[in-house]
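Asker: Here's a structure for you.
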Amino acid sequence: MAKGEGAESVSSAGLLQPSILKPEELVRSKRESKAKLSICSKVCYAIGGAPYQITGCALGFFLQIYLLDVVQMDPFYASIILFVGRAWDAITDPLVGFFISKSSWTCFGRLMPWIVFSTPFGVISYFMIWLVPDISQGQVMWYLFFYCIFQTLVTCFHVPYSALTMFISREQSERDSATAYRMTVEVLGTVLGTAIQGQIVGRVDIPCIPDPPFLNMNNSSVVLEEVNITRDTGSLSDTRNAYMIAAGVIGGIYILCATILSLGVRERQESSELQLAEPVSFFQGLKLVMKHGPYIKLIAAFLFTSLAFMLLEGNFALFCTYTLGFRNEFQNILLAIMLSATLTIPLWQWFLIRFGKKTAVYIGISSATPFLISVVILESNLVMTYVVAVAAGMSVAAAFLLPW
8 MAKGEGAESV
18 SSAGLLQPSI
28 LKPEELVRSK
38 RESKAKLSIC
48 SKVCYAIGGA
58 PYQITGCALG
68 FFLQIYLLDV
78 VQMDPFYASI
88 ILFVGRAWDA
98 ITDPLVGFFI
108 SKSSWTCFGR
118 LMPWIVFSTP
128 FGVISYFMIW
138 LVPDISQGQV
148 MWYLFFYCIF
158 QTLVTCFHVP
168 YSALTMFISR
178 EQSERDSATA
188 YRMTVEVLGT
198 VLGTAIQGQI
208 VGRVDIPCIP
218 DPPFLNMNNS
228 SVVLEEVNIT
238 RDTGSLSDTR
248 NAYMIAAGVI
258 GGIYILCATI
268 LSLGVRERQE
278 SSELQLAEPV
288 SFFQGLKLVM
298 KHGPYIKLIA
308 AFLFTSLAFM
318 LLEGNFALFC
328 TYTLGFRNEF
338 QNILLAIMLS
348 ATLTIPLWQW
358 FLIRFGKKTA
368 VYIGISSATP
378 FLISVVILES
388 NLVMTYVVAV
398 AAGMSVAAAF
408 LLPW
């Protein structure tokens, strides 16, 4: 269908009386009216975007400090796990996309089976990441294996979910509206993931043990050492349980969102008519994309922006805990970042419409730079740290609008 023909046919069909329309035009008019997505369908579609954001925030902010403090792994091996997992995630995206493009239609659609069947295994592998195995050897391989498996399975969920936008309706306006719902839920998902993981884990703290007045100088050090060992062991066990509880809660939300998505959204095969009459091979499509200059610039900007925020995300918990000394506050600082990002998205949306996307991105992302530098240069200050968190959240909000 050429551009503009759909709008003309819809407008003419809507103005003419049903008795004047030809039978095929009447059928087409009814079909197009049924193609309108209900608010319920848009909400169900949007909810499907939450699991990727929730698990991504939990892993990004807490996995490194979990491996170092809870698992008590050597920093070298912890960095290897994080690097290999991220690298494997980059590899699985095009691979899963390629296999999805080769899959055939079923009674449930082409994309929905990938989402449904990857969900239970993804939840299991996610829970295994936050489980400390009772083994003395092989812990590194345990976490490396399940982290890579989870990255593969969550890719099998998110790549078809992202492509599902083109198969929920033939109307561009309906797809744009569904995307707006999706972005709203994804932003809320980042807040939810940070809040669940941070608040559950943050409730477990290491108690301070004062010097008992009844101990004399000869035996006090021995007794205190025994008490410290008992308390530290108990607090470590409580922390491990807290991480598993948070993983169970997030896993339950993962399954709930996938269920709502699969039951509330119907994949439309007729939407595939929007594709080219002659299918383009994977490498031909890749060549066409790489030759499009504006798209390459956008991808490069998004790559480096995402890389900067990923470095901040992965090290901020360690920085707050060990450099600034805010062990009992870092989960609230993280929550302040995500709440600031959520609340300032409407502001950046207005700024984007008023001054353009490039100006909004330049100002929004660069505005956090002086605050991030100041928190490193100045002495440890809780109020200043919260100010930096709010400023960083505003930059995160601007980065959310970059791909769209």
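Using our numbering, read the sequence shown as starting at 8 and increasing by one per residue. Yeah, the Cβ is synthetic: ideal placement off N, Cα and C, and Gly gets one too. Just so we're clear, the structure is a prediction, and the values are computed from it rather than from any experiment.
#1: Within 10 Å of its beta-carbon, does K49 have 16 or more other beta-carbons around it, so buried, or fewer, so exposed?
#2: Applying the criterion that 16 or more other CB atoms from any shown protein chain within 10 Å of the CB defines a buried residue, is Q179 buried or exposed?
#3: According to DSSP, which residues form a beta bridge with G205?
#4: Could you have a look at E39 and say whether DSSP puts it in helix, strand or coil?
#5: Can we count I352 as close to the ligand PLP, meaning its CB is less than 7 Å from some heavy atom?
#6: So, Y329 versus T62, is the Cβ gap smaller than 8 Å?
#7: Looking at the structure shown, is F407 part of a helix, part of a strand, or coil, going by DSSP?
#8: How should I98 be labelled, buried or exposed, when 16 other C-beta atoms within 10 angstroms of its C-beta is the threshold for buried?
#9: May I ask you to report which of helix, strand or coil DSSP gives G145?
#10: What do you get for A65, buried or exposed, if any count of 16 or more other CB atoms within 10 angstroms of its CB means buried?
#11: For the alpha helix (DSSP H) containing G332, list its first residue and its last residue.
#12: Does the beta-carbon distance from Q338 to Q206 come in below 8 Å?
#13: DSSP on G116, reduced to helix/strand/coil?
#14: According to DSSP, is S313 part of a helix, a strand, or is it coil?
#15: What would DSSP say about P377, mapped onto helix, strand or coil?
#16: Less than 8 Å between C-beta atoms, sequence neighbours within five positions excluded: which residues of the same chain meet that for L151?
#17: Compute the distance between the beta-carbons of V211 and A249, then report whether it is under 8 Å.
#18: Below 8 Å, can you find three or more Cβ-Cβ pairs linking the region 304-319 to the region 164-180?
#19: Between the C-alpha atoms of V394 and F378, what's the straight-line distance to the nearest angstrom?
#20: Roughly how many whole angstroms lie between the Cα atoms of N335 and G209?
#21: Considering only C-alpha positions, which residue in the set Y133, I370 and L44 is nearest to G184?
#22: Going by other Cβ atoms of all chains shown within 10 Å of its Cβ, with 16 needed for buried, is R177 buried or exposed?
#23: Is it right to say M345 is buried, meaning 16 or more other beta carbons lie within 10 angstroms of its own, or is it exposed?
#24: Is it buried or exposed for G259, if we count other Cβ within 10 angstroms and need 16 for buried?
#25: Helix, strand or coil: how does DSSP classify W137 here?
#26: How far does the alpha helix (DSSP H) with F83 in it reach, from first residue to last?
#27: Going by beta-carbon coordinates alone, are A53 and Y188 separated by less than 8 Å?
#28: With a cut-off of 8 Å on the beta carbons, I'd call G255 and F174 a contact; round off their distance for me.
#29: If you count every other CB in all the chains shown that lies within 10 Å of the CB of T351, and 16 or more means buried, which is it?
#30: Is L33 helix, strand or coil when you go by DSSP?
#31: Between I72 and A324, how many whole angstroms is the CB-CB distance? I'm expecting something under 8 Å.
Answerer: Quick answer:
#1: buried
#2: exposed
#3: Answer by DSSP bridge pairing: none, since G205 is not bridged.
#4: With a pLDDT of 49 at E39, under the threshold of 50, the modelled position of this residue cannot be trusted; read the value that follows with caution. Helix, per DSSP.
#5: Here there are no bound small molecules, and the ligand PLP is not part of this structure.
#6: no
#7: helix
#8: exposed
#9: coil
#10: buried
#11: Looking at the DSSP string, G332 is not in any alpha helix (DSSP H), and its letter there is neither H nor E.
#12: yes
#13: strand
#14: helix
#15: helix
#16: I87, I88, V91 and G92
#17: yes
#18: no
#19: 8 Å
#20: 7 Å
#21: What sits at residue 184 in the sequence shown is Ser, not Gly. Of the listed residues, the one whose Cα sits closest to S184 is L44.
#22: buried
#23: buried
#24: exposed
#25: coil
#26: P82 to K109
#27: yes
#28: Wrong, their Cβ atoms sit about 32 Å apart, outside the cutoff.
#29: buried
#30: Note that L33 has pLDDT 46, beneath the 50 cutoff, so the model's placement of it is unreliable and no number is given.
#31: 5 Å
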